[in-house]
Amino acid sequence: MLEVHGVTCVFGGLTALDEVSFTARAGEITGVIGPNGAGKTTLFNIVTGIYTRTAGRIVLDDCDISGLPPERLARLGLVRTFQNIELFGQMTVLENVMVGLHTRSRSGFLSCACKLPHHLAEEKRIRSQAFELLEFVGIPDLADTVAANLPFGKGRLLEIARALAVQPRLMLMDEPAAGLNSRETWQLGELIRKIRENGVTVVLVEHDMELVMDICDAIVVLNLGKKLAEGTPRQIQENPEVIAAYLGEG
Amino acid sequence: MRRELLKFALFSALVLTVPALVKGGYLLNVLVFVGINTMLAVALNLLLGFAGQISLGQAAFYGLGAYLSGVLTTTHGWNPWTALCAAAVAVGLLAFVIGLPILKLKGHYLAMATLGFGIIVFIVFNEYVDVTGGPSGFPGIPGMQIGDLRFDSDLKSYYLIWGMALLVILLAVNLTQSRIGRALRAIHDSEVAARVLGVNARLLKVQVFTCSAVISCVAGSLYAHTVTFISPSTFGFHFSVELLTMVIIGGLGSIYGSCLGAALLTLLPEFLRTFQDYDIVVYGLLLILMTMFLPGGLVQGGEIVWRWLRQLWPGKAG
Amino acid sequence: MDFSQQISQYLLSGLATGAIYALIGLGFAIIYNSTGIINFAQGEFVMLGGMFGVYFHTIHNFNLVVALLLAVACAAISGVVFERLAIRPLRKATPLGLVIITIGGSILVRGIAMLVWGKDTHALPTFSGDEPITLAGATLLPQHLWIFALTVLLIAVNKLFFQFTITGKALRACAVNQRAAGLVGIDVRRMVMFSFLLASGMGALAGIIIAPLTMTSYDVGIMLGLKGFCAAIIGGMSNGIGTVLGGLILGVLEALGAGLISSGYKDAVTFIILLLILFLRPQGLFSRGDSERV
């Protein structure tokens, strides 16, 4: 589904990524791991159109998406969540998810301002779909809470619901377990599995090894901007270079 | 949704009955200008309060509406309504073309750029004397009329202006409650997250900018036909600051708040004659203090007072 | 005057006003580099320089040099007060709130000036008389020479300061990485205050040396501030030669525009340049474009 070919990224004098290539297969959960500074978030930002790459290609299901901006990628079915959860703090939980349905609705300035029937019908549909998504991630009771007032764990779930509203083929999650306690992390793992069962391919960057080894079908290891290894969790756990990278250079 | 309709109905009823309460006179004349400033404040609020984009050049679009309408009707004999529409289209196009590059800028840079734009337009009003009459102004603009009905009294102007203002308010409220409004607020809160969800932030910002410019232009046209004499000094940086203060006082993101802000800042100088001398200081202080302590404006202040009152009398309003 | 004489006239007077813009622009750059914000009120400190100068010299009849020094001092102190009251509490403001507060602050300064000194325009006498000097076919006033001299002096002192003094180096450190600077023991808050002191002082001096030529009043700050900002933008917000060149280029283009196109539209020309730079090359003419981050 997602093929990354030889992506290189150079900032000033620093080579953040050096010829990184890997594949994330459709319907699978792929984990990207590596020590701090390995380039994982840079990779994510390049794939999701927030940074510009210096070289390389990114292909989504035979469609070359290299260098496309985030709003185009969303329409092609690629969405991401952020490590620091970028919620729309001033809006309610439900409204946050409703924004996620922006690409699945069409009323323009005129229909909205004049409240044409097409717009009204669409609003109803958006609202009920958003509510269903809140139920999917488990926070329907918080629909009218202002997003800025949410505890961090619930905010995470909201961000996921919002991303799912785009109806993506591929969801990239940047350290989704960061800041969660072990119970929340376990629930997160279950949720990600549920997402995969609904036909969404997931790629996640993570530091929590237990979560990664538990739910990932495939793992890619980065170190110092280069790909170190790619394989099943078992293979990665037994790979001596991976072990050295985590325990050796630190 | 129905609550919004009720609010609007109540507000309209208030607006429509005020002339009977005021019984004409000077106050009615001032209220006409409150109507014009309301349109301008709502236009700026769409851009600033919802999309979070600062513009210090709104007076330019206001002035362009006034001068285009004035020149087309007086010098070239156009029908006022045709001129108003033509001006709106022309200014809309200008705003779109300027908006595309200008809204790539953010924060202070956007503020400076819109300030620069506003000053350029102001200089044109002052210097293009053959067409605009320059600093001495442009007289003789005809009043509006529909068929045989001439809008030549304060009362008729009041209903014309406020009719338009109510329309603008209704459209704005509808817009902000819709997916467009949500997308704008999303851009304001986190542009990168909005984009990741597929919101075309750049285009939407330009569209709001254009909308805001068109509304300001229409307000300008109506202003010109109401006062029949316009001069560049009305459309300078001073007024853009006044508008900004109106929106901030009323509350960013509150359409009715902008009406309140417009009313306050239009009525205050009329009742406090000495206000004229202190106005700049007051605007500066208001901008600073409101942004620091009450960013939701008086509307937020009103909500705080309301909640406090309800706490004092539990079980009263339920 | 024949055409080449006209051109050299425009060039020289353009360089003089450009030097002023460079000084104002340096003020913007210094504050931006140490705090990351654009000080909207910079133009008002330029105005304060001229107005304080008038106050001390014309109203209180101090000697011109003394008045000049006092004016710069007062404006610099106002800059520090401004930083304390309006900027320091900004730690927690949203980006939009920041912009609005700095706009409000600049308006407040202007409003207070209007209350204290009224709306009239005032003139300062030129520093050394009005005998025109001819140079390369162009006519200059002695005031223009003062402008060049003082600007060069200030820029040289500026450069030396940033290059060779501890405080200057500390300020540069803050510009590069505020947190790291704090960690190595630099008092970042003092540095911020110091940068405001510098910027408002320089702005005030610019305001004083141009006042004899262009009159001063409570609202000259907007135009001068915006033009100084333009100079800083052209120069890529650099603390040094970039902004100076930016100012000179702007001054010359403005003078050429005034002479060759129309003097009424002179300021419009300047602001069209501002818009063009912001649209096409907001990082300035002199910095290398890095790999653009979205």
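Going line by line, the protein sequences match chains A, B and C. Just so it is clear: in the first sequence, position 249 is 249 by my numbering, and no numbers are missing. Position in the second sequence counted from 1, then plus 250, gives you my numbering. Position in the third sequence counted from 1, then plus 568, gives you my numbering. A virtual CB, placed ideally from N, CA and C, is assigned to each residue, including glycine. Since the model is a prediction, treat every value here as computed from it, not as a measurement.
- Taken atom to atom, the span from the alpha-carbon of B/Ile430 to that of A/Phe109 is near 7 Å.
- Ranked by how close their Cα comes to the Cα of B/Ala422, the residues B/Leu290, B/Val374 and B/Leu277 have B/Leu290 in first place.
- The same chain holds no residue with a CB closer than 6 Å to that of C/Arg652 once the five nearest residues on each side in sequence are set aside.
- The region 798-810 of chain C makes contact with the region 826-843 of chain C, as at least three CB pairs between them are under 8 Å.
- Per DSSP, reduced to three states, the secondary structure at B/Leu502 is coil, with no helix or strand assignment.
- Under DSSP, the beta-bridge partners assigned to A/Thr30 are A/Val203 and A/Ala218.
- The C-alpha of B/Leu306 lies about 9 Å from the C-alpha of B/Leu360.
- By the beta-carbon neighbour count (other beta carbons within 10 angstroms, threshold 16), C/Thr733 is exposed.
- For B/Gly448, the C-beta contacts it makes with chain A under 7 Å involve Glu71, Ala74, Arg75, His102, Thr103 and Val166, in order along the chain.
- Distance from the CA atom of B/Ser428 to the CA atom of B/Arg435, rounded to whole angstroms, is 11 Å.
- Taking a 10 Å sphere around the C-beta of C/Gln711, we find 16 or more other C-beta atoms and assign the residue as buried.
- In the three-state reduction of the DSSP assignment, C/Gln851 falls in the coil class.
- For B/Thr460, not one C-beta of chain C is nearer than 7 Å to its own C-beta.
- For the pair C/Leu846 and B/Ala451, the CB atoms are not nearer than the 7 Å cut-off.
- Residue-level contact check: A/Ala26 does not touch chain B, since none of the beta carbons of chain B fall below 7 Å from its beta carbon.
- The Cβ of B/Leu355 sits closer than 7 Å to at least one Cβ of chain C.
- Only residues of its own chain outside the window of five on either side were considered, and among them Leu164, Pro168, Arg169, Leu170 and Met171 have a CB closer than 8 Å to the CB of A/Val200, listed in chain order.
- Taking C-beta separations shorter than 8 Å and ignoring five residues to either side along the sequence, the partners of A/His119 in its chain run Ser107, Ser111 and Cys112, following chain order.
- For B/Glu492, no Cβ of chain C is located within less than 7 Å of the residue's own Cβ.
- Annotation: the continuous beta strand (DSSP E) that includes A/Leu228 extends over Lys226 to Gly231.
- For the pair A/Phe152 and A/Leu60, the Cα-to-Cα distance works out to about 32 Å.
- A/Ile58 is bridged by DSSP to A/Val4.
- C/Gly775 is positioned such that its CB atom lies closer than 7 Å to that of C/Gly617.
- Straight through space, the alpha carbons of A/Glu122 and B/Phe543 are spaced by roughly 38 Å.
- Bounds of the alpha helix (DSSP H) holding C/Met761 are Val756 to Thr782.
- The contact set of A/Gln83 on chain B, defined by CB atoms closer than 7 Å, is empty, because the minimum CB distance reaches about 12 Å.
- Within the same chain, Cβ atoms closer than 6 Å to the Cβ of B/Leu294 are found at Gln308, Leu493 and Val497, the five residues on either side in sequence being excluded.
- For C/Leu766, the CB contacts under 6 Å within the same chain, skipping 5 residues up- and downstream, are Ile598 in chain order.
- C/Gly611 is positioned such that its CB atom lies closer than 7 Å to that of C/Gly793.
- In this structure, B/Ala310 places its C-beta atom within 7 Å of the C-beta atom of B/Gly368.
- Scanning chain C for C-beta atoms nearer than 9 Å to the C-beta of B/Glu377 yields Ser830, Gly832, Tyr833 and Ala836, reported in chain order.
- In this structure, DSSP gives A/Thr92 an extended state, which the three-state scheme calls strand.
- Under DSSP, A/Asp174 shares a beta bridge with A/Val205.
- Fully contained in the region 680-753 of chain C are the following alpha helix (DSSP H) runs of length 4 or more, in chain order: 710-732, 734-744 and 746-751.
- For A/Gln90, the C-beta contacts it makes with chain B under 9 Å involve Arg435, His438, Asp439 and Gly503, in order along the chain.
- Distance from the CA of A/Thr185 to the CA of A/Tyr51, rounded to the nearest whole angstrom, comes to 29 Å.
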